[in-house]
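Chain order of the listed sequences is A and B.
Per my numbering, the very first residue in the first sequence carries number 544; after that it's consecutive.
Per my numbering, the very first residue in the second sequence carries number 256; after that it's consecutive.
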Amino acid sequence: MRELDVSEIKDAVAELFVHANYHLGEDVQACLKQCAQREETALARDVFESIGKNIEIAGEGVFPLCQDTGMACVFMEIGQDVHLTGGSLYDAVNEGVRKACAEGYLRQTIVEDPFRRKNTGDSTPADINVDIVPGENVRIIMAPKGFGSENMSQIRMMTPADGLEGAEDFIVHVCEEAGGRPCPPMVVGVGVGGNFSRAALNAKKALLRPIGEHNEDPYYADMEKRVLERINALDIGPQGFGGKTTALAVNVIAAPTHIAGLPVAVNINCHVSRHEEVTL
Amino acid sequence: MKHRIKEPFTKDKFSGLRAGDSVLLTGTIYAARDAAHKRLVGMIEEGQELPIEIRNQIIYYAGPTPARPGHPIGSAGPTTSYRMDSFTPQLLKLGLSGMIGKGPRNDEVKRTAAECGAVYFAAIGGAAALISQSIKEAEVVAFAELGTESIHRLYVEDMPLIVACDAEGGDIYVRK
Chain A
544 MRELDVSEIK DAVAELFVHA NYHLGEDVQA CLKQCAQREE TALARDVFES
594 IGKNIEIAGE GVFPLCQDTG MACVFMEIGQ DVHLTGGSLY DAVNEGVRKA
644 CAEGYLRQTI VEDPFRRKNT GDSTPADINV DIVPGENVRI IMAPKGFGSE
694 NMSQIRMMTP ADGLEGAEDF IVHVCEEAGG RPCPPMVVGV GVGGNFSRAA
744 LNAKKALLRP IGEHNEDPYY ADMEKRVLER INALDIGPQG FGGKTTALAV
794 NVIAAPTHIA GLPVAVNINC HVSRHEEVTL
Chain B
256 MKHRIKEPFT KDKFSGLRAG DSVLLTGTIY AARDAAHKRL VGMIEEGQEL
306 PIEIRNQIIY YAGPTPARPG HPIGSAGPTT SYRMDSFTPQ LLKLGLSGMI
356 GKGPRNDEVK RTAAECGAVY FAAIGGAAAL ISQSIKEAEV VAFAELGTES
406 IHRLYVEDMP LIVACDAEGG DIYVRK
């Protein structure tokens, strides 16, 4: 059995959290450039130009891409043949977040209680999600998540009778209601099936998929394309100023569900759609 | 239309602005977001003196990242404005002349702003590193214990903005 000291996980988390906040993924950048081409108004084109300049400045490593450096959403796939040593895994992840927040000049963005709202001072705790998988590797995905877009997310427990059409209508409705609030162009993560909690988690996991990559199942790939087209016809546009690009991608993850149910969760992300990963 | 506006931010400077116009703003503004708004309005309701002047001032809905050595501020883009909607009319009635944020406002804010002659500007959300290049000075002036949510006095030079809601009721977020 392979042994892995959790201090390695701490260091990896710290590096990923900082890096993700200064460097936007190539997939998002490529999509932004492509979408800018098709905009017809000066205002929409200016928004894309500003987004492009922002990515360049942030890439120099002094100013984060967004002041909302996010809730540290951490997804780990831990091989069942790995023995973690040297302390608590969750403590190590939070140590990594704490280190990144201080050394990377990230914002202290988390309050310790939803009502009493005292800032924890170091952006901990992280939102830690663990899957146990075969093998002896540890895969860590860090997705700093801003709340301007998170606040626009919704879940609806639909019925089997609502079907595919009902689900698609709901996803488009969520984006329409969000309008200019979540910093469009947005990325839309969708979880369908499962139960109340699984659908929401899958919607967030769907945001981790690179833009331009579709669901492997052609049924859902087609759904993604159809819904994206409908969202981009809403004329919300970049920043809500009007235009052809309201969303960059719709990513769907489907899961088996109950005979009575059709949960649909929609997790909205902004154009600063951040995620970085490493395998230890 | 493109405009260059310098302080003082009296409302007469904004009367010619229309939704969709570009503005480069120069002068002193105040950064305040959720927690600071809650406190300010609480103080107004209790009849206390506010820690900052509101009349003819602009509030920027922002909570910056920490400044690195040698820089006045970290990244400071706009946060979503609707969360401030329930607090805004009371500030407008005290003479607030402008707001900077992102995303649409509710009808009450828009109506009160139009009645008061105040303007709502949009900054580009998610372009915080770019926007920070126009912030030349920053200082915490109230509620320091709120950290990033404290009130910051900022001096901005040619801060790039779009007029989102003008004093005539024009709204960039409503499709014609």
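Quick reminder that beta carbons are idealized off the backbone N, C-alpha and C, glycines included.
All values derive from a computational prediction rather than experimental measurement.
Through-space distance from residue j to residue i, alpha-carbon basis
{"i": "A:Glu582", "j": "B:Gly332", "result": "23 Å"}
{"i": "A:Thr788", "j": "A:Gly630", "result": "47 Å"}
{"i": "A:Arg650", "j": "A:Val625", "result": "33 Å"}
{"i": "A:Asp712", "j": "A:Glu759", "result": "22 Å"}
{"i": "A:Ser525", "j": "A:Lys642", "result": "This structure leaves residue 525 of chain A out entirely; chain A is present only between 544 and 823."}
{"i": "B:Asp276", "j": "B:Lys365", "result": "17 Å"}
{"i": "A:Met729", "j": "A:Leu575", "result": "11 Å"}
{"i": "A:Lys748", "j": "B:Ile260", "result": "44 Å"}
{"i": "A:Asn794", "j": "A:Val731", "result": "6 Å"}
{"i": "B:Ile328", "j": "B:Phe398", "result": "17 Å"}
{"i": "A:Cys609", "j": "A:Asp634", "result": "26 Å"}
{"i": "A:Arg773", "j": "A:Val715", "result": "7 Å"}
{"i": "A:Gly639", "j": "A:Val617", "result": "11 Å"}
{"i": "A:Lys596", "j": "A:Asp705", "result": "43 Å"}
{"i": "A:Arg659", "j": "A:Thr652", "result": "15 Å"}
{"i": "A:Tyr762", "j": "A:Ala803", "result": "22 Å"}
{"i": "A:Phe739", "j": "A:Ile675", "result": "21 Å"}
{"i": "B:Lys293", "j": "B:Ile309", "result": "15 Å"}
{"i": "A:Ser692", "j": "A:Ala686", "result": "13 Å"}
{"i": "B:Gly302", "j": "B:Leu346", "result": "13 Å"}
{"i": "B:Lys266", "j": "B:Asn311", "result": "7 Å"}
{"i": "A:Gly664", "j": "B:Ala290", "result": "15 Å"}
{"i": "A:Gly678", "j": "A:Val821", "result": "16 Å"}
{"i": "B:Lys391", "j": "B:Gly282", "result": "10 Å"}
{"i": "A:Met766", "j": "A:Met619", "result": "28 Å"}
{"i": "A:Pro607", "j": "A:Gly568", "result": "14 Å"}
{"i": "B:Glu262", "j": "A:Gly723", "result": "28 Å"}
{"i": "A:Pro725", "j": "A:Leu777", "result": "15 Å"}
Proximal residues to residue i (C-beta, below 6 Å), its chain only, five neighbours per side dropped
{"i": "A:Ala808", "result": "Ile698, Gly734, Ala742, Ala743 and Ala746"}
{"i": "B:Arg288", "result": "Tyr316, Gly318, Thr334 and Glu404"}
{"i": "B:His407", "result": "Ala286, Ala393 and Val395"}
{"i": "B:Ser352", "result": "Phe264, Lys266, Asn311 and Ala373"}
{"i": "A:Thr816", "result": "The sequence shown places Ser at residue 816 of chain A, rather than the Thr named in the question. Result list for A:Ser816: Val571 and Val730, in chain order."}
{"i": "A:Glu516", "result": "Residue 516 of chain A falls outside the range modelled here, since chain A spans only 544 to 823, and no answer is possible."}
{"i": "B:Arg338", "result": "Asp289"}
Proximity test, Cβ basis, 8 Å: residue i and chain B
{"i": "A:Arg659", "result": "no"}
{"i": "A:Phe713", "result": "no"}
{"i": "A:Met817", "result": "Note on residue identity: the sequence assigns Arg, not Met, to residue 817 of chain A. Output row for A:Arg817: interface = no."}
{"i": "A:Ala615", "result": "no"}
{"i": "A:Leu649", "result": "yes"}
{"i": "A:Asn810", "result": "no"}
{"i": "A:Pro687", "result": "no"}
{"i": "A:Pro668", "result": "no"}
{"i": "A:Val722", "result": "Sequence check: residue 722 of chain A is Gly here, not Val. So yes, A:Gly722 belongs to the interface."}
{"i": "A:His566", "result": "no"}
{"i": "A:Gln697", "result": "no"}
{"i": "A:Cys738", "result": "First, the amino acid is wrong: residue 738 of chain A is Asn here, not Cys. Cβ-Cβ to chain B under 8 Å: no for A:Asn738."}
{"i": "A:Gly709", "result": "no"}
{"i": "A:Gln580", "result": "no"}
{"i": "A:Val605", "result": "yes"}
{"i": "A:Gln577", "result": "no"}
{"i": "A:Gln572", "result": "no"}
{"i": "A:Cys726", "result": "yes"}
{"i": "A:Thr822", "result": "no"}
Proximal residues to residue i (C-beta, below 8 Å), its chain only, five neighbours per side dropped
{"i": "A:Pro727", "result": "Ala721, Ile779, Gly780, Pro781, Gln782, Gly783, Thr788, Thr789, Ala790, Cys813 and His814"}
{"i": "A:Gly755", "result": "Asp570, Ala573, Cys574 and Ala792"}
{"i": "B:Leu279", "result": "Lys257, His258, Arg259, Ile260, Asp413, Met414, Pro415 and Leu416"}
{"i": "A:Pro799", "result": "Gly736 and Gly737"}
{"i": "A:Ala555", "result": "Gly639, Ile683, Val821 and Leu823"}
{"i": "A:Leu707", "result": "Met766"}
Cβ of residue i within 8 Å of any chain A Cβ
{"i": "B:Gly424", "result": "no"}
{"i": "B:Ala287", "result": "no"}
{"i": "B:Tyr375", "result": "no"}
{"i": "B:Thr403", "result": "yes"}
{"i": "B:Pro327", "result": "no"}
{"i": "B:Ala368", "result": "no"}
Contacts around residue i, its chain only, beta-carbon distance under 7 Å, and the 5 residues preceding and following it disregarded
{"i": "A:Glu546", "result": "His626 and Thr628"}
{"i": "A:Thr902", "result": "A query on residue 902 of chain A cannot be resolved here, the shown segment of chain A reaching from 544 to 823 and no further."}
Expected contact under 8 Å - CB spacing of residue i and residue j to nearest Å
{"i": "A:Ser593", "j": "B:Ala382", "result": "5 Å"}
{"i": "A:Leu771", "j": "A:Asn810", "result": "Contact doesn't hold; Cβ gap of about 15 Å is too wide."}
Near the ligand GDP: residue i beta-carbon under 7 Å from a heavy atom
{"i": "A:Val617", "result": "With respect to the ligand GDP, the structure shown offers nothing to examine, as it has no ligands at all."}
### Task
Check each residue of the region 268-284 of chain B: if its Cβ is closer than 9 Å to any Cβ of chain A, include it; give the result in chain order.
Gly275 and Ser277
### Task
Taking only beta carbons into account, state which residues of the region 333-357 of chain B come closer than 9 Å to chain A, listed in chain order.
Pro333, Thr334, Thr335, Ser336, Tyr337, Arg338 and Lys357
### Task
Compile a chain-ordered list of the residues in the region 776-802 of chain A whose CB is closer than 8 Å to at least one CB of chain B.
Asp778, Gln782, Gly783, Phe784 and Gly785
### Task
Using a Cβ-Cβ cut-off of less than 9 Å, give me the residues of the region 377-398 of chain B that come near chain A, in sequence order.
Ala377, Ile379, Gly380, Gly381, Ala382, Ala383, Ala384, Leu385, Ile386, Ser387 and Gln388
### Query
Using a beta-carbon distance cut-off of less than 7 Å, what residues from the region 582-602 of chain A approach chain B?
Leu586, Val590, Ser593, Ile594, Lys596, Asn597, Ile600 and Ala601
### Message
Taking beta-carbon pairs under 7 Å, can you tell me which members of the region 300-322 of chain B lie near chain A?
### Response
Ala317, Gly318, Pro319, Thr320 and Pro321
### Message
So if I threshold CB-CB distances at 7 Å, which residues from the region 618-650 of chain A count as touching chain B?
### Response
Tyr648, Leu649 and Arg650
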